[in-house]
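Just so you know, the sequences run in chain order A and B. Residue numbers 1 to 533, in UniProt numbering, belong to the letters of the first sequence in order. Residue numbers 1 to 347, in UniProt numbering, belong to the letters of the second sequence in order.
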Amino acid sequence: MKLSTKILTGTMLAGVSLAFALTGAVQAATPKDTVVMAKQIDDIISLDPAESFEFSGSEAVGNIYDRLLTYDFKDVSKIKGQIAESWAVAEDGLTYTFKIRKGMKFHSGNPVTAEDAAYSIHRAVLLNKSPAFILQQFGFNKDNLADRVRAPDAETLIIRVDKPVAPTFFYYCLTASVASVVDSKLVKTKEVNGDFGNEFLKTNSAASGAYVLRSWKAKESYTLDAFDGYWAGKAKNKRVVVRHIAEAATQRLMLEKGDVDYARNLEKDQIIGLASNKSVVLDSGVKGSLMYLGLNQKNPILAKPEVRQALKMLVDYKSIEENILKGTRVTHQAFLPTGFLGALNDNPYSFDLAKAKELLAKAGHPDGFSVTMDVRNVSPYADVAQAVQASWAKAGVKLELIPGDGKQTLTKYRARNHDIYIGDWGPDYQDPHTNAETFAINLDNSDTTKSKTLAWRNSWDIPAMSKKTLAAVEERDPAKRAQIYLDIQKEHQASSPFVVMFQQIEVAAHPANVKGFIIGPSFDVNLYSQITK
Amino acid sequence: MSTLSLSSGALRRGGLAAAKLLIAIALTLLGLLLVTFFIGRVMPIDPVLAVVGDRATKEVYDAAYKALALDRPLTVQFWIYVTNVLQGNFGNSVLTSRPIVEDVIRFFPATLELATFGTFIGVVIGVPLGVQAAVHQGKWIDQVARFVGLLGYSAPVFWLGLMGLLIFYAKLDWVGGPGRLDVAFDDLVDPVTGVLLIDAVLAGEWEVFTNAFSHLILPAAVLGYSSMAYISRMTRSFMVEQLRQEYITTARVKGLSERRIVWGHALGNIAVPLITVIALSYAHLLEGSVLTETVFAWPGLGSYITASLLNADMNAVLGGTLVVGATFILLNLFCDLLYRVVDPRAK
């Protein structure tokens, strides 16, 4: 008997010591010159700039490709040239002329020309993937492209739009990642069955930006190598590796261990936890994403203006921001995020039970009512929804939460089968029209409409506001245009079925010796090239 | 002459059995495909969304809807799918933009490596522990085994994983962190089998081997722990039953050493059910290690299938499920064969 106990103990000890003997000498810090990030990147489905429209994919594309134009990250109102050296709009407001920067080269060594820029726009429009509408809204289609977007010589690009709009609106659309300029010579050699090289560009790059795509392993990592010949100066690091680490707690562990240089998806708990660690620094930047509740107007109770107002007053914004979102979001109650032209930064709503009860009584629901909310079953949506449930209950509004996975709740939302939906909306480009269009335009409230904006999704029929919002895009004087948006937002804030609650703050934690990551205002301008360690 | 005819008869019988087996396997796989396919189609998730994203215009949406053949009747969709599969075409994954076959080849070895190592730990510790617990019923070792087993059963894998990381990775620095390798060792070894330990040995890269091992040991131990809990409990109950049998008493009367009785006779007699238990546990680890894979950022098939399911990426789900199903069948076959080896009566 004793012998067998020994065998058992022996086996276990041998196993454990073998394990640790083997692992004794393994710890390797991140290599010098290589920046390693821990981030959730499982949303990437393609790294083709004409297709990629997810947060992580756009970030990678933003570091690999150059566009014609970009903007100052500290002051979005300043538009800067990237591939374009200068640009101008003709008197008629229709014809735009761009001069291409001289001496620029693609990673392949091919020179960057106006033909590449024209090809890239043709390609994005004709491929017709998700972000194509950003360019298509200027009236480009397969029949008129050759005439509308052309390169008379290697340095000149001429684009003619279908109607005069605020020039900044057009320029901001050209700063979106869908307008990235691809190496047309290289891409044309990779075309298969007229796919404009889409299959190839999903996992490879043909660009002129600061980095070359070395590899993308879906759900695992992507690796970028610095491009030696970058026109704006070579990146300050040799390589960036972004690893998919789903768990915020794990990201924090890896950061504190020195296995990664940046943790990108920390939540409130980790941020508070890191406060005591002196060797870790938090960078943050205000992003355009808004967290809001959408109240479906097909529900007759939610369609009453007093009920909508009351529900806005029943959210305890301050407490949610402090206790649930701390450091990751800030209260913001209008549809244009801070930083955008014409953004309304008033937050008129706060928790006001008495006033809300009064409004509910006026609407004929003095004892409240029952309603459901579809909630993505992940932090922080579930937590925020629970807080809303608790504060609404104080006025007798019984909110039943229906948890689901993100795609599931979204499917229901898109089909207008919800009562209330809680979610985020991120702007597609830096012009106010992007959010104004979705929150304040609904031209056809029928189920079969072509344009399914957020206003449509919540069955909010608003012909007058839609007209006004559409007119705003044609106003060419920026000051007047900003004023129109301010007016629309005020009206929207008071009457819309949207409870806009919070604007996102992006946080990146890193050791003190690692510096230089730029968190831009949009998800596609988080830039790696200035990072040193 | 007569021997020849006899052997050809046996051959024919063997061939018939093999054919029957193959048909059974094919039918099982087809059934699996059918069920998964229809579950996928009635799920309240819109598969088009996975392709076009949240912001697509109606035209883009409609084009994708058509491209996915969702406008055709269900039976037609299934027929298209099955005919494609028979030609070895499992379609492309929406999430990874690659053919499913390539994805499976990439993700499955990672799971295989983890599950095999986990099961190995489970067996090496679980079987002796179970035997000891049975031999010393009610004594301290039995209590320990029971406690360890209970903990392995009830502690969430997720929590165990995070605690393991906190202690052995963050505090003690004994093991590597999440992922299969440190960044410094990425891409140093060309994938041959996909199992990193083997590939590293084939390439003669010992540093990569140790690094990969240091990353593997903790998730494998976490998985192995739950597997060990199950195996030790089952071993104990099989052994308790055996030790009550008359042949054990006979052996004792004959003066055989306790060691031979327990480890030779009794253990030999529970080999068949034990193999089943181990195989079941192995199969469970192969398909069910999603949480471990998430905590340890382990790019395996479990998290691949789950993510695909949540995104309604049905081709990927079907492909992945088929692989898991086929593995089950293979494991079953392997068990059957093993029975015959360890227990001649099974023939």
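For each residue, glycine too, the CB sits at the ideal point set by N, CA and C. As the structure is a computational prediction, the values presented were derived from the model and not from experiment.
- Within the stretch 118-155 of chain A, the complete beta strand (DSSP E) segments at least 3 residues long are 149-153, listed from N- to C-terminus.
- Under DSSP, PHE498 of chain A takes part in a beta bridge, and its partners are A:GLY294.
- Taking a C-beta distance under 9 Å as the contact criterion, ARG233 of chain B and ALA145 of chain B qualify as a contact pair.
- Taking each of A:LEU68, A:VAL182, A:ASN442, A:PHE53 in turn and checking the Cα distance to ALA84 of chain A, the smallest one comes out for A:LEU68.
- Using beta-carbon distances, ALA124 of chain A does not count as an interface residue toward chain B, since no partner is under 9 Å.
- Within the stretch 208-226 of chain A, contact with chain B at the beta-carbon level (separation under 7 Å) is assigned to ALA218, LYS219, GLU220.
- Look at ILE301 of chain A here: in three-state DSSP terms it is coil, with no helix or strand label.
- If you draw a straight line from the Cα of ILE320 of chain A to the Cα of VAL384 of chain A, it comes to about 7 Å.
- Nearest in C-alpha terms to LEU301 of chain B, of all of A:VAL378, A:SER495, A:ALA218, is A:ALA218.
- Between the stretch 482-502 of chain A and the stretch 235-242 of chain A, the count of C-beta pairs closer than 8 Å stays below three; the two stretches do not touch.
- HIS510 of chain A does not reach chain B, its nearest Cβ partner there being about 15 Å away, counting only Cβ pairs nearer than 7 Å.
- Under the criterion of beta carbons closer than 8 Å, ILE301 of chain A and TYR171 of chain A do not qualify as touching, at roughly 44 Å.
- For chain A, the residues of the stretch 190-219 of chain B that bring a beta carbon within less than 7 Å of one of its beta carbons are THR210, ASN211, PHE213, SER214, ILE217, in chain order.
- Rounded to the nearest whole angstrom, the C-alpha separation of ASP444 of chain A and PHE296 of chain B is 48 Å.
- Take TYR230 of chain A, set aside five residues on each side of it, and the residues of its chain with a beta-carbon closer than 6 Å to its own are ALA210, in chain order.
- Closest in alpha carbon position to HIS433 of chain A, among A:HIS492, A:ARG481, A:THR411, A:SER459, is A:ARG481.
- Burial check for GLN489 of chain A: the Cβ neighbour count within 10 Å reaches 16 or more, so the residue is buried.
- The alpha helix (DSSP H) runs lying completely inside the stretch 180-207 of chain B and spanning 4 residues or more are 196-203, given in chain order.
- Between the stretch 118-138 of chain A and the stretch 54-68 of chain B, the count of Cβ pairs shorter than 8 Å is three or higher; the stretches touch.
- Within the model, the alpha-carbon separation for ASN435 of chain A versus SER177 of chain A is close to 17 Å.
- A distance below 6 Å between beta-carbons, with the five flanking residues on each side excluded, links ASP183 of chain A to the following residues of its chain, in chain order: PHE106, SER108, ASN110, ALA206.
- Closer than 9 Å to the CB of PHE517 of chain A there is not a single CB belonging to chain B.
- Taking 7 Å as the Cβ-Cβ cut-off, the stretch 35-69 of chain A approaches chain B at VAL36, ASP42, ILE45, SER46, PHE53, GLU54, given in chain order.
- Within the stretch 449-467 of chain A, the residues whose Cβ lies closer than 9 Å to some Cβ of chain B are THR449, LYS450, SER451, LYS452, listed in chain order.
- About 6 Å separates the CB atoms of VAL262 of chain B and VAL135 of chain B; that is less than 8 Å, so the two are in contact.
- Here ASP487 of chain A is not bridged, per DSSP, to any residue.
- With respect to the C-alpha of LYS188 of chain A, the residue from A:ALA179, A:PRO380, A:ASN198 having the closest C-alpha is A:ASN198.
- Within 7 Å of the CB of PRO299 of chain B, the CB atoms of chain A belong to LYS219, GLU220, in sequence order along the chain.
- For the options B:PHE117, B:ASN332, B:VAL341, B:VAL323, the alpha carbon positioned closest to that of ASP103 of chain B is the one of B:VAL323.
- The Cβ neighbour count for GLN251 of chain A, taken over all protein chains shown within 10 Å, is at least 16; the residue is labelled buried.
- A straight-line Cα-Cα distance of about 23 Å links SER58 of chain A and THR409 of chain A.
- Sixteen is the threshold: since fewer than 16 other Cβ atoms of the shown chains lie within 10 Å of the Cβ of ALA67 of chain B, the residue is exposed.
- Per the DSSP secondary-structure output, GLN503 of chain A pairs in a beta bridge with A:LEU290, A:VAL330.
- Taking a beta-carbon distance threshold of 9 Å, ILE245 of chain A counts as an interface residue toward chain B.
- Approximately 5 Å separates the beta-carbon atoms of ARG264 of chain A and ALA508 of chain A; this is inside 8 Å, confirming the contact.
- For GLU256 of chain A, the neighbours in chain B by C-beta distance under 7 Å run, in chain order, ALA170.
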